[in-house]
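Enquirer: To start, I am sharing the structure in question, which I have written as structure tokens.
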Amino acid sequence: MRARIDACAEAGLDEIALVPATAADPAGERTRTAPAALGQG
Numbered sequence: 002m003r004a005r006i007d008a009c010a011e012a013g014l015d016e017i018a019l020v021p022a023t024a025a026d027p028a029g030e031r032t033r034t035a036p037a038a039l040g041q042g
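Count along the sequence shown from 1, then add 1; that gives the number in my numbering.
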């Protein structure tokens with residue numbers, strides 16, 4: 002996830018929206034917690 006966000010930023014993107022795929026991610030929990038883990042690395 003970090004590599005894809007970094008690539009977008011390098012291409013000039015200044016905003017990124019994350020949309021949970023709730024079928025495989027009940028309540029979007031995995032999608033909501035993944036960005037928090039990026040900040041810890």
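The C-beta atom is built at its ideal place from N, Cα and C for all residues, glycine as well. Only a predicted model underlies this, so the values are computations on that prediction, with no experimental measurement involved.
Going residue by residue through the segment 14 to 42, where are the continuous alpha helix (DSSP H) segments of at least 4 residues, counting only ones entirely within it?
Expert: Runs of the alpha helix (DSSP H) inside the segment 14 to 42: 30 to 39.
Enquirer: Over what stretch of residues does the alpha helix (DSSP H) that includes residue 12 continue unbroken?
Expert: As a first step, residue 12 must be located in the sequence shown, where it is residue number 11. Element bounds for residue 12: n/a, residue is neither H nor E.
Enquirer: Keeping to the same chain, check which residues put their C-beta closer than 7 Å to that of residue 23; ignore five residues upstream and five downstream.
Expert: As a working mapping, residue 23 is identified with position 22 in the sequence shown. Contacts found: 29.
Enquirer: With a cut-off of 8 Å on the beta carbons, I'd call residue 19 and residue 32 a contact; round off their distance for me.
Expert: Position 18 of the sequence shown, counted from the start, is the residue given in the question as residue 19. Position 31 of the sequence shown, counted from the start, is the residue given in the question as residue 32. Contact flag correct, Cβ pair sits at about 6 Å.
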